[in-house]
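Respectively, the protein sequence lines represent chains A and B.
Here numbering that gives the first Met the number 0 is used: position 94 in the first sequence is 93, and no number is missing along the way.
Here numbering that gives the first Met the number 0 is used: position 69 in the second sequence is 68, and no number is missing along the way.
Heads up, the beta-carbon is just placed ideally off N, CA and C, and yes, glycines get one too.
Keep in mind the model is a prediction, meaning the values are calculated, not measured.
Here's the structure we're looking at; comments come further down.
2 protein chains.
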Amino acid sequence: MSGDPVARRRLRLWLRLLRLTRETEAELRARMREAGTTLPRFDVMAALARAPDGMGMGELSASLKVSGGNVTPLVDRLEAEGLVERVAVAGDRRRSLARLTEAGAARFRALAARHAGWIDEMFGEIGEAEVDAALAALAKAPKRTTAEEPAA
Amino acid sequence: MSGDPVARRRLRLWLRLLRLTRETEAELRARMREAGTTLPRFDVMAALARAPDGMGMGELSASLKVSGGNVTPLVDRLEAEGLVERVAVAGDRRRSLARLTEAGAARFRALAARHAGWIDEMFGEIGEAEVDAALAALAKAPKRTTAEEPAA
C-alpha cells in the first residue's frame with residue numbers, strides 16, 4: 000500500500016463503496032422477498048421498463064451483469080405470470096424480444112415506488128448537501144485506462 | 000417514485016454507487032487477470048490475510064458474499080500452488096482452517112500494493128477534499144431497520 004495518505008483514503012473510499020453496495024443489496028434483497036418478489040426479477044423488470052419496444056435475451060443479460068448468469072428462466076416465469084410477453088422480430092423468425100405487458104408495467108411501477116422509498120429510508124441520514132457532494136465526487140470515477148468499456 | 004427531490008437524489012446516488020461498484024469491479028477483474036490471477040482469488044487471499052490464525056470455510060465464505068458460492072475449489076487451488084495451507088483444529092479432527100503460507104502472504108502483499116495503485120488511478124480524479132466528503136456522507140448509510148445484519 001502506498002505511503003501517500005490520499006491514495007490510502009481513495010482505497011478506503013473504494014472499500015466503503017464495496018461494503019455499502021453489498022449491504023444495501025442485501026437489504027433490498029430481503030425487502031423484495033417481503034414484497035413477494037426477488038431482486039433479480041426486479042432488475043429484469045427495470046431493464047425491460049427502459050425498453051418499451053422489447054429487448055433480446057443477450058442485451059438483457061448484458062445489462063444485468065451482476066445479477067448475472069441466465070436470465071431466460073426469470074423471463075420465462077415473468078411470462079408465465081403475464082408480466083412479460085415475447086414479441087416476434089420482423090424478418091427474423093428465430094428471434095423474439097421480451098417486453099413488459101401492461102400488467103407487468105403496472106407491477107413494476109408499484110415496486111419501483113417502494114424501492115425508491117426504501118432507498119430514501121436507507122440513505123435518509125445523508126443530508127441534501129451531502130448527497131450532492133457524494134454525487135459530485137463519485138461522478139469522477141472510475142477513470143478507465145483499458146480499452147474495454149463495461150457494458151453495465 | 001416520490002416527488003420529493005431529496006428522495007430522488009438519494010435514489011440517483013444509489014444507482015450511481017451500484018454502477019460505479021460494478022464498473023470498478025469489472026476493471027479490477029480485468030487487471031487481476033492481466034496480473035495472472037483473478038478477483039475471487041485476490042478476495043480469498045485478502046480475507047485470509049486478515050486472519051493470521053486461519054479461517055474455516057464457512058467463515059471465509061460468509062466474508063466473501065459477493066464473489067459468492069463455493070470457495071473450496073479456490074482454496075484447493077491456492078493450496079496446490081503453495082500459497083495456502085490447511086491447519087488442523089485442536090480437539091476437532093474433522094475441521095481444518097485455511098491460512099496463507101509465507102509465500103502466500105508475500106504474494107498477497109505484492110498484489111495488494113498493485114490493487115491499491117489501481118484504485119488510486121481509477122479514483123485519481125477525485126480530489127482529497129472530495130474523497131473526505133464522500134467518505135463522510137457514505138458513512139451514514141445504509142440505515143438498517145430489519146433485524147438481520149449482513150455479515151459482509
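query	result
Report buried or exposed for G90 of chain B, applying the criterion of at least 16 other Cβ atoms within 10 angstroms of its Cβ.	exposed
Given a cut-off of 8 Å, decide if P141 of chain A and L134 of chain B are closer than it, judged by their beta-carbon atoms.	no
Excluding sequence positions up to five away, which residues of its chain have a Cβ less than 8 Å from the Cβ of M56 of chain B?	V70, T71, V74 and A97
Straight-line CA distance for A138 of chain A to A79 of chain B?	42 Å
Which whole-angstrom value is the C-beta distance of A6 of chain A and D119 of chain B, which I expect to be below 8 Å?	4 Å
Name the chain A residues that come within less than 9 Å of P51 of chain B, Cβ to Cβ?	Within chain A, no residue comes near P51 of chain B; the closest Cβ sits about 17 Å away, beyond 9 Å.
Could you check whether F122 of chain A and L17 of chain B sit closer than 8 Å to each other, using their CB atoms as the reference points?	no
One question on the structure: do G113 of chain A and A34 of chain A come within less than 8 Å of each other, judged by their Cβ atoms?	A small correction: the amino acid at residue 113 of chain A is Arg; Gly does not occupy that position in the sequence shown. In contact: R113 of chain A and A34 of chain A (Cβ atoms closer than 8 Å).
For V70 of chain B, name the three-state secondary structure that DSSP assigns.	coil
When the cut-off is 8 Å and only beta carbons count, does V83 of chain B lie next to chain A?	no
Chain A beta carbons: is any one of them nearer than 8 Å to that of R9 of chain B?	yes
For T100 of chain A, tell me which candidate among A:V130, A:A45 and A:R94 has the shortest Cα-Cα distance.	A:A45
What does P39 of chain B reach in chain A if we use C-beta pairs closer than 8 Å?	Within 8 Å Cβ-Cβ: nothing; P39 of chain B doesn't reach chain A, min ~13 Å.
Does DSSP put L38 of chain B in a helix, a strand or coil?	helix
Using a C-beta to C-beta distance shorter than 7 Å, which residues of chain B count as neighbours of F107 of chain A?	Ordered by position in chain B, no residue passes the 7 Å Cβ test against F107 of chain A, which lies about 12 Å from the chain.
At a Cβ threshold of 8 Å, is T100 of chain A touching chain B?	no
Report the neighbours of R15 of chain A on chain B: residues whose CB is nearer than 9 Å to its CB, in chain order.	A133, L134, L137 and A138
Quick test of your reading: A61 of chain A and A136 of chain B, contact by CB under 8 Å. State the CB separation rounded to the nearest angstrom.	Contact flag wrong, Cβ pair sits at about 31 Å.
Which residues in chain A sit within 9 Å of V130 of chain B, going by Cβ to Cβ distance?	V5, R8, R9, R11, L12 and A136
Rounded to the nearest angstrom, what separates T36 of chain A and P51 of chain A at their Cα positions?	22 Å
Cα separation between G53 of chain A and V83 of chain B?	48 Å
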